[in-house]
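Below you'll find the structure, written out as C-alpha coordinates, and then a few comments.
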Amino acid sequence: MDGLHISQDPFSSPSRSAGKKMRQWQWWLCDVIPSLVQPYLSYWRLSNHFRNPVNYELPMCNCQLSQRLKVICIHFDGLRHVDLVVCPCVPAALQLLWMGYFPCAPLGPSLAVSLQLLSLVRQLFMQMPPNTSAWCKSFEAYLAGMGYRVDTKEGIRRRFSNAYHWYCILEISLDEHVQQQLQKSACPPLDIPLADPSPSHCSPYSSKMRPSEYLQQRCPLCFGGHGRESNNQQSSADVDAIVCIDACSTQKRRSGQLDDPVNPTATVFLSPEDIHAMESEVDGLQKNHGDEGDVFEEGMKITASVLKGCNESFTAADERRQKASTQFFPDTGVMALLCRHDHVIHLANMTSAGEKQHYALALIKALFGHLPSNFHIGLLYDIGCQLEQSCRKWGFLKPFLPRIAFAISVFHAFGHQWPCQLIYHPWKQEGFGLSDGEGCERFWSSIKALIPSLRVSGYHQCLFVIGFQVCHLDMKSLTGLGQWLLHCWSHCQEKKATASKGLRRCGVDIPTLQTEWDAQVSAQTKP
1175 MDGLHISQDP FSSPSRSAGK KMRQWQWWLC DVIPSLVQPY LSYWRLSNHF
1225 RNPVNYELPM CNCQLSQRLK VICIHFDGLR HVDLVVCPCV PAALQLLWMG
1275 YFPCAPLGPS LAVSLQLLSL VRQLFMQMPP NTSAWCKSFE AYLAGMGYRV
1325 DTKEGIRRRF SNAYHWYCIL EISLDEHVQQ QLQKSACPPL DIPLADPSPS
1375 HCSPYSSKMR PSEYLQQRCP LCFGGHGRES NNQQSSADVD AIVCIDACST
1425 QKRRSGQLDD PVNPTATVFL SPEDIHAMES EVDGLQKNHG DEGDVFEEGM
1475 KITASVLKGC NESFTAADER RQKASTQFFP DTGVMALLCR HDHVIHLANM
1525 TSAGEKQHYA LALIKALFGH LPSNFHIGLL YDIGCQLEQS CRKWGFLKPF
1575 LPRIAFAISV FHAFGHQWPC QLIYHPWKQE GFGLSDGEGC ERFWSSIKAL
1625 IPSLRVSGYH QCLFVIGFQV CHLDMKSLTG LGQWLLHCWS HCQEKKATAS
1675 KGLRRCGVDI PTLQTEWDAQ VSAQTKP
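Here the sequence shown stands for residues 1175 to 1701, where the numbers follow our numbering.
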(Lines of atoms letter the chains of each structure in order from A and count residues from 1; the text may use other names and numbers.)
(Lines give C-alpha, C1' and ligand atoms only; values in the text may rest on other atoms or scores of the structure.)
Protein backbone atom coordinates (compact mmCIF):
# COMPACT_ATOMS: atom_id res chain seq x y z
CA MET A 1 0.00 0.00 0.00
CA ASP A 2 1.14 3.56 -0.70
CA GLY A 3 2.61 5.05 2.44
CA LEU A 4 2.72 1.73 4.36
CA HIS A 5 5.93 1.42 6.35
CA ILE A 6 6.60 -1.88 8.16
CA SER A 7 9.17 -2.18 10.89
CA GLN A 8 11.49 -5.16 10.69
CA ASP A 9 11.45 -5.59 14.46
CA PRO A 10 8.13 -4.48 15.92
CA PHE A 11 9.17 -5.42 19.48
CA SER A 12 12.05 -3.87 21.35
CA SER A 13 12.12 -6.64 24.00
CA PRO A 14 10.42 -9.88 22.88
CA SER A 15 8.56 -11.92 25.50
CA ARG A 16 6.04 -14.76 25.55
CA SER A 17 3.05 -12.38 25.57
CA ALA A 18 4.67 -10.29 22.84
CA GLY A 19 5.20 -13.39 20.71
CA LYS A 20 1.58 -14.45 21.15
CA LYS A 21 0.39 -10.99 20.21
CA MET A 22 2.60 -10.99 17.13
CA ARG A 23 1.26 -14.37 15.97
CA GLN A 24 -2.31 -13.15 16.39
CA TRP A 25 -1.38 -10.00 14.50
CA GLN A 26 -0.10 -12.09 11.59
CA TRP A 27 -3.30 -14.16 11.52
CA TRP A 28 -5.42 -11.02 11.42
CA LEU A 29 -3.22 -9.37 8.82
CA CYS A 30 -2.56 -12.24 6.41
CA ASP A 31 -5.67 -14.38 6.71
CA VAL A 32 -8.71 -13.05 8.58
CA ILE A 33 -9.06 -9.44 7.36
CA PRO A 34 -8.48 -10.20 3.63
CA SER A 35 -10.99 -13.07 3.82
CA LEU A 36 -13.68 -10.89 5.44
CA VAL A 37 -13.67 -7.94 3.03
CA GLN A 38 -16.04 -9.41 0.44
CA PRO A 39 -18.37 -11.12 2.99
CA TYR A 40 -18.54 -7.92 5.03
CA LEU A 41 -19.44 -5.93 1.93
CA SER A 42 -22.15 -8.47 1.07
CA TYR A 43 -23.54 -8.47 4.61
CA TRP A 44 -23.59 -4.68 4.69
CA ARG A 45 -25.63 -4.66 1.45
CA LEU A 46 -28.00 -7.49 2.35
CA SER A 47 -28.69 -6.14 5.84
CA ASN A 48 -29.47 -2.68 4.44
CA HIS A 49 -26.67 -1.00 6.40
CA PHE A 50 -27.09 -3.26 9.47
CA ARG A 51 -30.81 -2.48 9.77
CA ASN A 52 -32.17 -5.97 9.15
CA PRO A 53 -30.87 -9.42 10.15
CA VAL A 54 -29.54 -11.63 7.36
CA ASN A 55 -30.70 -15.26 7.13
CA TYR A 56 -27.70 -16.80 5.42
CA GLU A 57 -26.52 -20.34 6.08
CA LEU A 58 -22.91 -21.17 5.33
CA PRO A 59 -22.26 -24.48 3.59
CA MET A 60 -21.61 -27.39 5.95
CA CYS A 61 -18.17 -28.94 6.11
CA ASN A 62 -17.46 -32.63 6.73
CA CYS A 63 -13.73 -32.38 7.36
CA GLN A 64 -12.15 -34.08 10.35
CA LEU A 65 -10.69 -30.85 11.77
CA SER A 66 -13.93 -29.39 13.10
CA GLN A 67 -14.34 -28.47 16.76
CA ARG A 68 -16.99 -26.87 18.94
CA LEU A 69 -16.59 -23.36 20.23
CA LYS A 70 -18.65 -21.36 22.73
CA VAL A 71 -18.76 -17.62 22.10
CA ILE A 72 -20.35 -14.82 24.15
CA CYS A 73 -22.00 -12.36 21.76
CA ILE A 74 -22.59 -8.76 22.90
CA HIS A 75 -25.29 -6.56 21.37
CA PHE A 76 -27.46 -3.62 22.37
CA ASP A 77 -30.06 -5.72 24.18
CA GLY A 78 -27.68 -7.86 26.25
CA LEU A 79 -25.67 -11.08 25.91
CA ARG A 80 -26.24 -14.33 24.10
CA HIS A 81 -24.24 -17.55 24.11
CA VAL A 82 -23.58 -19.15 20.73
CA ASP A 83 -22.25 -22.66 20.03
CA LEU A 84 -20.24 -22.86 16.83
CA VAL A 85 -18.74 -25.76 14.89
CA VAL A 86 -15.60 -24.32 13.36
CA CYS A 87 -12.92 -25.67 11.06
CA PRO A 88 -10.36 -24.21 8.62
CA CYS A 89 -12.99 -24.38 5.85
CA VAL A 90 -15.61 -22.40 7.79
CA PRO A 91 -13.70 -20.32 10.40
CA ALA A 92 -15.36 -18.72 13.39
CA ALA A 93 -14.80 -15.16 12.11
CA LEU A 94 -16.79 -15.84 8.93
CA GLN A 95 -19.65 -17.51 10.79
CA LEU A 96 -19.89 -14.71 13.33
CA LEU A 97 -19.80 -12.08 10.59
CA TRP A 98 -22.86 -13.55 8.88
CA MET A 99 -24.57 -13.59 12.26
CA GLY A 100 -23.86 -9.85 12.62
CA TYR A 101 -20.91 -10.04 15.04
CA PHE A 102 -17.16 -9.40 14.92
CA PRO A 103 -14.75 -11.67 16.90
CA CYS A 104 -12.14 -10.63 19.44
CA ALA A 105 -9.57 -13.18 18.23
CA PRO A 106 -8.68 -14.54 14.79
CA LEU A 107 -9.02 -18.31 15.50
CA GLY A 108 -10.79 -19.23 18.73
CA PRO A 109 -12.67 -16.15 19.97
CA SER A 110 -14.46 -16.26 23.30
CA LEU A 111 -16.22 -12.93 22.72
CA ALA A 112 -17.86 -11.29 19.73
CA VAL A 113 -19.40 -7.81 19.45
CA SER A 114 -22.38 -6.74 17.38
CA LEU A 115 -21.50 -4.88 14.18
CA GLN A 116 -24.15 -2.30 15.03
CA LEU A 117 -22.54 -1.70 18.42
CA LEU A 118 -19.05 -1.44 16.93
CA SER A 119 -20.33 1.02 14.32
CA LEU A 120 -21.80 3.19 17.09
CA VAL A 121 -18.58 3.08 19.14
CA ARG A 122 -16.55 3.98 16.07
CA GLN A 123 -18.63 7.09 15.43
CA LEU A 124 -18.62 7.94 19.14
CA PHE A 125 -14.83 7.76 19.39
CA MET A 126 -14.54 10.11 16.41
CA GLN A 127 -16.31 12.80 18.43
CA MET A 128 -14.80 12.23 21.89
CA PRO A 129 -11.61 10.81 23.45
CA PRO A 130 -11.34 7.09 22.52
CA ASN A 131 -11.55 5.68 26.05
CA THR A 132 -12.35 1.97 25.73
CA SER A 133 -11.83 1.36 29.45
CA ALA A 134 -14.57 3.80 30.46
CA TRP A 135 -16.84 2.53 27.70
CA CYS A 136 -16.44 -1.11 28.73
CA LYS A 137 -17.01 -0.38 32.43
CA SER A 138 -20.16 1.57 31.58
CA PHE A 139 -21.44 -1.20 29.30
CA GLU A 140 -20.70 -3.88 31.91
CA ALA A 141 -22.75 -1.90 34.44
CA TYR A 142 -25.50 -1.52 31.84
CA LEU A 143 -25.58 -5.30 31.26
CA ALA A 144 -25.51 -6.00 35.01
CA GLY A 145 -28.49 -3.70 35.44
CA MET A 146 -30.47 -5.91 33.05
CA GLY A 147 -29.53 -9.04 35.02
CA TYR A 148 -26.71 -10.37 32.82
CA ARG A 149 -23.68 -11.83 34.55
CA VAL A 150 -20.33 -10.46 33.46
CA ASP A 151 -17.02 -11.96 34.53
CA THR A 152 -15.84 -9.20 36.84
CA LYS A 153 -12.31 -10.64 37.05
CA GLU A 154 -11.54 -10.64 33.35
CA GLY A 155 -14.19 -8.22 32.10
CA ILE A 156 -14.62 -7.37 28.45
CA ARG A 157 -12.18 -4.48 28.05
CA ARG A 158 -9.23 -6.31 26.54
CA ARG A 159 -11.34 -8.46 24.23
CA PHE A 160 -13.62 -5.58 23.25
CA SER A 161 -10.61 -3.36 22.47
CA ASN A 162 -9.16 -6.04 20.21
CA ALA A 163 -12.46 -6.53 18.39
CA TYR A 164 -12.92 -2.78 17.95
CA HIS A 165 -9.38 -2.27 16.65
CA TRP A 166 -9.64 -4.95 13.98
CA TYR A 167 -13.15 -3.85 13.06
CA CYS A 168 -11.63 -0.43 12.26
CA ILE A 169 -8.93 -2.18 10.22
CA LEU A 170 -11.67 -4.01 8.29
CA GLU A 171 -13.48 -0.72 7.59
CA ILE A 172 -10.28 0.85 6.25
CA SER A 173 -9.50 -2.25 4.17
CA LEU A 174 -13.00 -2.09 2.72
CA ASP A 175 -12.54 1.56 1.71
CA GLU A 176 -9.20 0.74 0.07
CA HIS A 177 -10.79 -2.19 -1.77
CA VAL A 178 -13.56 0.04 -3.13
CA GLN A 179 -11.02 2.68 -4.22
CA GLN A 180 -8.98 0.05 -6.05
CA GLN A 181 -12.05 -1.19 -7.89
CA LEU A 182 -13.00 2.34 -8.89
CA GLN A 183 -9.49 3.01 -10.20
CA LYS A 184 -9.60 -0.17 -12.28
CA SER A 185 -12.95 0.75 -13.82
CA ALA A 186 -12.07 4.41 -14.49
CA CYS A 187 -8.55 4.71 -15.93
CA PRO A 188 -7.13 8.25 -16.45
CA PRO A 189 -6.86 9.64 -20.00
CA LEU A 190 -3.75 8.53 -21.80
CA ASP A 191 -2.79 12.09 -22.77
CA ILE A 192 -2.68 13.25 -19.12
CA PRO A 193 -0.19 11.01 -17.29
CA LEU A 194 -0.05 11.01 -13.50
CA ALA A 195 3.00 11.85 -11.42
CA ASP A 196 4.70 8.83 -9.91
CA PRO A 197 3.11 8.32 -6.45
CA SER A 198 6.14 6.61 -4.94
CA PRO A 199 8.05 8.62 -2.30
CA SER A 200 11.29 8.17 -4.23
CA HIS A 201 9.94 10.21 -7.14
CA CYS A 202 11.46 13.58 -6.35
CA SER A 203 12.83 14.67 -9.72
CA PRO A 204 12.01 18.33 -10.53
CA TYR A 205 12.35 17.54 -14.21
CA SER A 206 9.44 15.12 -14.46
CA SER A 207 7.37 15.27 -17.64
CA LYS A 208 4.16 14.26 -15.86
CA MET A 209 1.29 16.71 -16.21
CA ARG A 210 -0.88 15.88 -13.21
CA PRO A 211 -0.34 15.33 -9.47
CA SER A 212 -0.22 11.73 -8.30
CA GLU A 213 -3.27 9.67 -7.43
CA TYR A 214 -2.31 9.97 -3.77
CA LEU A 215 -2.60 13.77 -3.83
CA GLN A 216 -5.83 13.64 -5.81
CA GLN A 217 -7.31 11.45 -3.09
CA ARG A 218 -6.01 13.71 -0.33
CA CYS A 219 -7.69 16.80 -1.83
CA PRO A 220 -9.53 16.70 -5.17
CA LEU A 221 -9.97 20.50 -5.16
CA CYS A 222 -6.24 21.27 -4.95
CA PHE A 223 -4.80 18.41 -6.99
CA GLY A 224 -7.68 16.97 -9.03
CA GLY A 225 -8.84 18.03 -12.47
CA HIS A 226 -6.89 18.13 -15.71
CA GLY A 227 -3.31 19.11 -16.24
CA ARG A 228 -2.25 22.36 -17.83
CA GLU A 229 0.31 23.56 -20.32
CA SER A 230 3.84 24.02 -19.04
CA ASN A 231 4.83 27.68 -18.83
CA ASN A 232 8.50 28.41 -18.50
CA GLN A 233 7.75 32.10 -17.81
CA GLN A 234 5.63 31.32 -14.74
CA SER A 235 6.95 32.97 -11.58
CA SER A 236 6.91 31.55 -8.07
CA ALA A 237 4.04 33.93 -7.23
CA ASP A 238 1.73 32.15 -9.70
CA VAL A 239 0.90 29.33 -7.31
CA ASP A 240 -1.23 26.34 -8.30
CA ALA A 241 -1.94 25.17 -4.74
CA ILE A 242 -1.48 26.60 -1.25
CA VAL A 243 -0.24 24.53 1.69
CA CYS A 244 0.65 25.28 5.30
CA ILE A 245 3.06 23.74 7.81
CA ASP A 246 3.05 23.77 11.59
CA ALA A 247 4.18 21.62 14.52
CA CYS A 248 2.32 20.57 17.67
CA SER A 249 4.32 19.64 20.77
CA THR A 250 1.28 18.49 22.78
CA GLN A 251 0.91 15.36 20.63
CA LYS A 252 3.82 13.63 22.33
CA ARG A 253 4.10 10.05 23.56
CA ARG A 254 5.53 8.89 26.88
CA SER A 255 5.94 5.15 26.24
CA GLY A 256 9.51 4.44 25.22
CA GLN A 257 9.17 1.00 23.62
CA LEU A 258 7.82 -0.21 20.30
CA ASP A 259 5.56 -2.65 22.11
CA ASP A 260 2.95 -3.03 19.37
CA PRO A 261 3.17 -4.37 15.82
CA VAL A 262 2.67 -2.18 12.78
CA ASN A 263 -0.90 -1.79 11.53
CA PRO A 264 -1.64 -3.09 8.01
CA THR A 265 -3.09 0.16 6.68
CA ALA A 266 -1.82 3.03 4.58
CA THR A 267 -0.60 6.05 6.53
CA VAL A 268 -0.10 9.76 5.97
CA PHE A 269 3.01 9.71 8.17
CA LEU A 270 6.43 9.95 6.56
CA SER A 271 8.68 7.00 7.23
CA PRO A 272 11.46 7.47 9.82
CA GLU A 273 13.94 6.64 7.07
CA ASP A 274 12.83 9.65 4.97
CA ILE A 275 13.08 11.98 7.97
CA HIS A 276 16.51 10.69 8.97
CA ALA A 277 17.72 11.02 5.38
CA MET A 278 16.67 14.68 5.31
CA GLU A 279 18.32 15.27 8.70
CA SER A 280 21.57 13.84 7.37
CA GLU A 281 21.28 15.97 4.23
CA VAL A 282 20.76 19.11 6.33
CA ASP A 283 23.76 18.29 8.55
CA GLY A 284 25.90 17.72 5.49
CA LEU A 285 24.98 21.02 3.81
CA GLN A 286 25.25 23.32 6.80
CA LYS A 287 28.55 25.10 7.20
CA ASN A 288 29.78 27.85 9.48
CA HIS A 289 29.33 31.33 8.04
CA GLY A 290 30.67 34.51 9.54
CA ASP A 291 28.56 37.61 10.18
CA GLU A 292 28.39 39.58 6.94
CA GLY A 293 26.60 42.60 8.45
CA ASP A 294 23.18 44.01 7.70
CA VAL A 295 22.97 43.08 4.01
CA PHE A 296 20.63 41.28 1.64
CA GLU A 297 21.54 37.61 1.47
CA GLU A 298 21.33 35.97 -1.94
CA GLY A 299 17.74 35.59 -3.09
CA MET A 300 16.24 37.39 -0.05
CA LYS A 301 14.19 40.59 -0.11
CA ILE A 302 14.78 41.60 3.52
CA THR A 303 18.03 42.19 5.37
CA ALA A 304 19.81 39.94 7.84
CA SER A 305 18.97 42.22 10.78
CA VAL A 306 15.24 41.92 10.09
CA LEU A 307 15.51 38.14 9.90
CA LYS A 308 17.43 38.15 13.18
CA GLY A 309 14.64 40.13 14.83
CA CYS A 310 12.03 37.65 13.58
CA ASN A 311 14.18 34.80 14.81
CA GLU A 312 14.28 36.24 18.31
CA SER A 313 10.48 36.72 18.35
CA PHE A 314 9.49 33.08 17.82
CA THR A 315 10.41 29.95 19.74
CA ALA A 316 9.73 27.85 16.62
CA ALA A 317 12.72 29.52 14.96
CA ASP A 318 15.01 28.44 17.83
CA GLU A 319 15.90 24.81 17.08
CA ARG A 320 17.80 24.54 20.38
CA ARG A 321 14.77 25.38 22.52
CA GLN A 322 13.39 22.24 24.17
CA LYS A 323 9.62 21.95 23.94
CA ALA A 324 9.56 18.37 25.25
CA SER A 325 12.22 16.36 27.04
CA THR A 326 13.51 13.41 25.05
CA GLN A 327 14.37 11.75 28.37
CA PHE A 328 10.68 11.16 29.08
CA PHE A 329 9.13 11.48 25.60
CA PRO A 330 10.68 9.50 22.73
CA ASP A 331 8.13 11.12 20.38
CA THR A 332 8.05 14.84 21.11
CA GLY A 333 5.33 16.03 18.73
CA VAL A 334 3.87 15.98 15.24
CA MET A 335 4.47 18.29 12.28
CA ALA A 336 1.76 18.54 9.63
CA LEU A 337 1.51 19.64 6.00
CA LEU A 338 -2.07 20.61 5.06
CA CYS A 339 -3.62 22.00 1.89
CA ARG A 340 -5.74 25.13 1.54
CA HIS A 341 -8.90 23.14 2.40
CA ASP A 342 -7.48 21.79 5.68
CA HIS A 343 -6.86 18.30 4.27
CA VAL A 344 -3.81 16.53 5.68
CA ILE A 345 -1.21 15.79 2.99
CA HIS A 346 1.59 14.39 5.15
CA LEU A 347 2.49 14.13 8.83
CA ALA A 348 5.95 13.77 10.39
CA ASN A 349 6.56 12.22 13.80
CA MET A 350 9.04 14.41 15.71
CA THR A 351 11.68 12.83 17.96
CA SER A 352 13.88 15.85 18.76
CA ALA A 353 13.48 18.27 21.65
CA GLY A 354 13.17 21.32 19.39
CA GLU A 355 11.30 22.13 16.18
CA LYS A 356 14.06 21.20 13.76
CA GLN A 357 13.87 22.45 10.19
CA HIS A 358 14.54 19.06 8.68
CA TYR A 359 10.97 17.96 9.52
CA ALA A 360 9.49 20.78 7.44
CA LEU A 361 12.00 20.14 4.65
CA ALA A 362 11.14 16.42 4.60
CA LEU A 363 7.41 17.24 4.32
CA ILE A 364 8.01 19.68 1.45
CA LYS A 365 10.24 17.22 -0.39
CA ALA A 366 7.63 14.47 -0.01
CA LEU A 367 4.98 16.80 -1.46
CA PHE A 368 7.04 17.68 -4.53
CA GLY A 369 7.69 13.97 -5.07
CA HIS A 370 4.00 13.68 -6.03
CA LEU A 371 3.84 16.80 -8.24
CA PRO A 372 4.64 17.42 -11.92
CA SER A 373 7.60 19.61 -12.82
CA ASN A 374 5.54 22.71 -13.66
CA PHE A 375 3.46 22.78 -10.47
CA HIS A 376 4.03 25.78 -8.14
CA ILE A 377 3.26 25.82 -4.43
CA GLY A 378 2.45 28.66 -2.03
CA LEU A 379 3.87 27.73 1.39
CA LEU A 380 2.56 29.29 4.62
CA TYR A 381 4.62 28.73 7.78
CA ASP A 382 4.89 30.56 11.11
CA ILE A 383 8.55 31.27 10.34
CA GLY A 384 8.43 31.16 6.54
CA CYS A 385 11.06 33.90 6.33
CA GLN A 386 13.52 31.80 8.34
CA LEU A 387 12.81 28.70 6.27
CA GLU A 388 13.44 30.52 2.98
CA GLN A 389 16.65 32.02 4.34
CA SER A 390 17.91 28.55 5.33
CA CYS A 391 16.99 27.08 1.94
CA ARG A 392 18.82 29.81 0.03
CA LYS A 393 21.79 30.00 2.40
CA TRP A 394 22.49 26.27 2.73
CA GLY A 395 21.01 24.97 -0.54
CA PHE A 396 18.09 23.02 0.93
CA LEU A 397 15.40 21.96 -1.57
CA LYS A 398 17.48 23.53 -4.34
CA PRO A 399 15.61 21.84 -7.25
CA PHE A 400 12.23 23.01 -5.92
CA LEU A 401 12.96 26.56 -4.73
CA PRO A 402 11.93 28.29 -8.01
CA ARG A 403 8.49 26.69 -7.59
CA ILE A 404 7.88 27.80 -3.98
CA ALA A 405 6.40 31.11 -2.82
CA PHE A 406 7.06 31.55 0.92
CA ALA A 407 4.67 33.39 3.23
CA ILE A 408 3.80 33.66 6.93
CA SER A 409 0.51 32.53 8.45
CA VAL A 410 -1.75 35.49 9.25
CA PHE A 411 -2.02 34.94 12.99
CA HIS A 412 1.78 34.93 13.46
CA ALA A 413 2.56 37.61 10.85
CA PHE A 414 2.03 40.49 13.31
CA GLY A 415 4.79 39.13 15.53
CA HIS A 416 7.34 39.58 12.73
CA GLN A 417 9.29 42.73 11.93
CA TRP A 418 7.45 45.27 9.77
CA PRO A 419 9.78 44.87 6.74
CA CYS A 420 9.19 41.12 6.99
CA GLN A 421 5.43 41.67 6.97
CA LEU A 422 5.73 43.78 3.81
CA ILE A 423 7.27 40.84 1.98
CA TYR A 424 5.84 37.71 3.63
CA HIS A 425 2.32 38.63 4.77
CA PRO A 426 0.06 36.50 2.53
CA TRP A 427 -2.46 39.29 2.06
CA LYS A 428 0.32 41.52 0.71
CA GLN A 429 1.43 38.91 -1.83
CA GLU A 430 -0.13 37.96 -5.14
CA GLY A 431 -1.39 34.40 -5.38
CA PHE A 432 -2.46 33.75 -1.77
CA GLY A 433 -5.85 35.46 -1.85
CA LEU A 434 -7.53 35.36 1.56
CA SER A 435 -5.70 32.24 2.74
CA ASP A 436 -4.75 32.55 6.40
CA GLY A 437 -2.39 29.57 6.75
CA GLU A 438 -4.02 28.47 10.02
CA GLY A 439 -5.30 25.11 8.75
CA CYS A 440 -2.81 23.25 10.95
CA GLU A 441 -4.13 25.05 14.04
CA ARG A 442 -7.65 23.92 13.17
CA PHE A 443 -6.34 20.38 12.68
CA TRP A 444 -4.62 20.39 16.08
CA SER A 445 -7.88 21.56 17.64
CA SER A 446 -9.83 18.73 16.00
CA ILE A 447 -7.52 15.99 17.37
CA LYS A 448 -6.80 17.47 20.81
CA ALA A 449 -9.17 14.91 22.37
CA LEU A 450 -6.63 12.20 21.45
CA ILE A 451 -3.86 13.64 23.65
CA PRO A 452 -4.64 11.80 26.94
CA SER A 453 -4.99 8.32 25.44
CA LEU A 454 -2.09 8.63 22.96
CA ARG A 455 0.27 9.94 25.63
CA VAL A 456 0.72 6.36 26.92
CA SER A 457 -0.08 4.31 23.82
CA GLY A 458 2.27 2.24 21.70
CA TYR A 459 4.16 3.78 18.81
CA HIS A 460 2.28 2.16 15.94
CA GLN A 461 -1.05 2.46 17.75
CA CYS A 462 -0.45 6.21 18.10
CA LEU A 463 0.16 6.58 14.35
CA PHE A 464 -2.87 4.44 13.56
CA VAL A 465 -5.29 6.39 15.79
CA ILE A 466 -4.17 9.75 14.40
CA GLY A 467 -4.41 8.39 10.84
CA PHE A 468 -7.88 7.01 11.55
CA GLN A 469 -8.99 10.42 12.80
CA VAL A 470 -7.54 12.00 9.65
CA CYS A 471 -9.69 9.67 7.52
CA HIS A 472 -12.77 10.70 9.48
CA LEU A 473 -11.98 14.41 9.09
CA ASP A 474 -11.38 13.94 5.35
CA MET A 475 -14.76 12.30 4.86
CA LYS A 476 -16.47 14.97 6.93
CA SER A 477 -14.77 17.71 4.91
CA LEU A 478 -15.52 16.16 1.54
CA THR A 479 -19.24 16.05 2.24
CA GLY A 480 -19.20 19.78 3.02
CA LEU A 481 -16.90 21.08 0.28
CA GLY A 482 -19.79 22.50 -1.73
CA GLN A 483 -21.01 24.59 1.19
CA TRP A 484 -17.40 25.58 1.94
CA LEU A 485 -16.89 26.84 -1.62
CA LEU A 486 -20.14 28.83 -1.48
CA HIS A 487 -19.16 30.45 1.83
CA CYS A 488 -15.65 31.36 0.63
CA TRP A 489 -16.96 32.71 -2.70
CA SER A 490 -19.50 34.93 -0.93
CA HIS A 491 -16.85 36.15 1.52
CA CYS A 492 -14.46 36.89 -1.34
CA GLN A 493 -17.10 38.91 -3.21
CA GLU A 494 -17.83 40.95 -0.09
CA LYS A 495 -14.14 41.71 0.40
CA LYS A 496 -13.74 42.60 -3.27
CA ALA A 497 -16.74 44.95 -3.21
CA THR A 498 -15.41 46.70 -0.09
CA ALA A 499 -11.94 47.10 -1.62
CA SER A 500 -13.35 48.42 -4.91
CA LYS A 501 -15.47 50.95 -3.04
CA GLY A 502 -12.42 52.15 -1.11
CA LEU A 503 -10.38 52.53 -4.30
CA ARG A 504 -13.12 54.61 -5.95
CA ARG A 505 -13.46 56.78 -2.86
CA CYS A 506 -9.75 57.65 -2.62
CA GLY A 507 -9.75 59.19 -6.11
CA VAL A 508 -6.28 57.93 -7.10
CA ASP A 509 -5.81 55.61 -10.05
CA ILE A 510 -4.54 52.09 -9.47
CA PRO A 511 -1.17 52.42 -11.33
CA THR A 512 -0.25 55.38 -9.12
CA LEU A 513 -1.17 53.48 -5.98
CA GLN A 514 0.88 50.51 -7.15
CA THR A 515 3.89 52.74 -7.81
CA GLU A 516 3.63 54.30 -4.36
CA TRP A 517 3.34 50.89 -2.71
CA ASP A 518 6.44 49.63 -4.51
CA ALA A 519 8.32 52.73 -3.36
CA GLN A 520 7.20 52.18 0.25
CA VAL A 521 8.33 48.55 0.21
CA SER A 522 11.69 49.52 -1.31
CA ALA A 523 12.26 52.26 1.28
CA GLN A 524 11.23 50.24 4.33
CA THR A 525 13.24 47.13 3.47
CA LYS A 526 16.58 48.89 2.97
CA PRO A 527 19.52 47.83 5.18
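From the three backbone atoms N, C-alpha and C, an ideal C-beta is built for every residue, glycine too. Since we're looking at a predicted model, the values are computed, not measured.
DSSP places HIS1255 in the uninterrupted beta strand (DSSP E) bounded by 1252-1260.
Residue nearest to PRO1303 within the set PHE1503, ALA1671, ILE1640 is ILE1640 (criterion: CA-CA distance). Residues PRO1280 of the same chain have their beta carbon placed closer than 8 Å to that of ASP1205, with the five preceding and five following residues left out of the count.
Relative to the Cα of ILE1519, the nearest Cα in the group LEU1511, HIS1646, ALA1587 belongs to LEU1511. When rounded, the separation of the alpha-carbon atoms in ALA1623 and GLN1563 is 36 Å. DSSP links HIS1249 through a beta bridge to GLY1252.
Annotation for HIS1515: no alpha helix (DSSP H) segment contains it, and DSSP assigns it neither H nor E.
Among the bridge pairs identified by DSSP, CYS1559 is matched with none. The criterion of a C-beta distance shorter than 7 Å is satisfied by ILE1449 and ALA1536. In the DSSP annotation of this structure, the continuous segment of the alpha helix (DSSP H) that includes PRO1394 starts and ends at 1394-1397. Out of HIS1586, LEU1289, GLY1321, TRP1272, the CA that lies nearest to the CA of GLU1615 is found in HIS1586. Taken in chain order, the complete alpha helix (DSSP H) segments of 4 residues or longer contained in the segment 1249-1324 are 1266-1272, 1289-1301, 1306-1319. Around the beta carbon of LYS1244, fewer than 16 other beta carbons sit within 10 angstroms, so the residue counts as exposed. In the three-state reduction of the DSSP assignment, PHE1638 falls in the helix class, which pools H, G and I.
Each of PRO1600, ARG1384, VAL1264 was checked against the Cα of ALA1581, and the nearest Cα belongs to PRO1600. Under the DSSP assignment, ILE1416 falls outside any alpha helix (DSSP H), being part of the beta strand (DSSP E) whose first and last residues are 1415-1422. If you ignore the 5 residues before and after HIS1351, its C-beta comes within less than 6 Å of the C-beta of VAL1211, all in its own chain and listed in chain order. Between the alpha carbons of LYS1311 and ALA1286 lies a distance of about 17 Å. Per DSSP, the unbroken beta strand (DSSP E) holding PHE1580 starts and ends at 1578-1581.
Inter-segment contact for the segment 1454-1461 and the segment 1566-1576 is present: three or more beta-carbon pairs are separated by less than 8 Å. In this structure, ASP1434 lies near GLY1632, with their beta-carbon atoms less than 7 Å apart.
Where GLU1328 is concerned, there is no enclosing alpha helix (DSSP H), because DSSP gives it neither an H nor an E.
Counting along the chain, HIS1586 sits inside the alpha helix (DSSP H) bounded by residues 1584-1587.
DSSP assignment within the segment 1332-1361 yields no whole beta strand (DSSP E) run of 3 residues or more.
Separation of the CB atoms of GLU1453 and HIS1532 is rounded to 4 Å, and the pair is thereby assigned contact status at 8 Å. Counted as a single uninterrupted DSSP element, the stretch harbouring GLY1569 is not any alpha helix (DSSP H), since DSSP gives it neither H nor E. Note that the segment 1382-1390 touches the segment 1544-1562; at least 3 beta-carbon pairs, one per stretch, sit closer than 8 Å. Boundaries cannot be given for THR1699, as no alpha helix (DSSP H) includes it and DSSP labels it neither H nor E. The Cβ atoms of LEU1389 and HIS1544 sit closer than 7 Å to each other. Straight through space, the alpha carbons of ALA1315 and ARG1323 are spaced by roughly 10 Å. Comparing C-alpha distances from ASP1251 to each of SER1221, SER1619, GLY1321 shows the shortest one belongs to GLY1321. By the Cβ neighbour-count rule, ASP1516 is buried, with 16 or more other Cβ atoms within 10 Å of its own. With fewer than 16 other Cβ atoms from the protein chains shown falling within 10 Å of its own Cβ, VAL1682 counts as exposed. For TRP1218, the enclosing alpha helix (DSSP H) has its first and last residue at 1207-1220.
A straight line joining the alpha-carbon of CYS1666 with that of MET1509 spans about 30 Å.
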